[in-house]
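A quick write-up on the structure given underneath.
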Amino acid sequence: MVKKPEKKTDLKISGMTCASCASTIEKSLLNLEGVSKALVNLGTETASVEYDQDKVKINDLNKAVTDAGYEVINEKAVIKIGGMTCAMCVKTNEEALKKLDGVVSVNVNLGAEKAYVTYN
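Residue numbers (this note's numbering): 1 to 120.
Following this line, the structure appears as structure tokens:
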């Protein structure tokens, strides 16, 4: 089996006030099995993380930051999806959207013909 390349993501973080905060977040992220690199920038309030997507999911990264006492800032989007007719359409769209980089959660509503996406 071919190993997938490491995934890279940037997390927007709030609550940091000093270099010690950045160091705490880096340590928390690096303690996750599968995270190979974590660089936190206090000035831009971001964490750049490289990880093995077979071992770590974006929600694991978010939890590591919140467990360290800080908050990950996620964005939300509502996407209009026409043509869905059944629960399988909902499942197919949810699975496709969850594969996109940075997607934290997806909820597709068949009746409203919309996808509610949380991402960072």
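Just so it is clear, CB atoms sit at the ideal spot from N, CA and C, and this is done for glycine as well.
| query | result |
| --- | --- |
| Taking the alpha-carbon of V117 as reference, which of T92, N74, C89 has the nearest alpha-carbon? | N74 |
| For the alpha helix (DSSP H) holding V65, just list the boundary residues, first then last. | 58–67 |
| My assumption, with CB atoms under 8 Å, is that N93 sits in contact with V108. Please give the rounded CB distance. | 5 Å |
| Would you please state the rounded distance, in angstroms, between the beta carbons of K55 and E26? I believe it to be under 8 Å. | About 18 Å; that fails the 8 Å criterion. |
| If we count the other Cβ atoms within 10 Å of its Cβ and call it buried at 16 or more, is A77 buried or exposed? | exposed |
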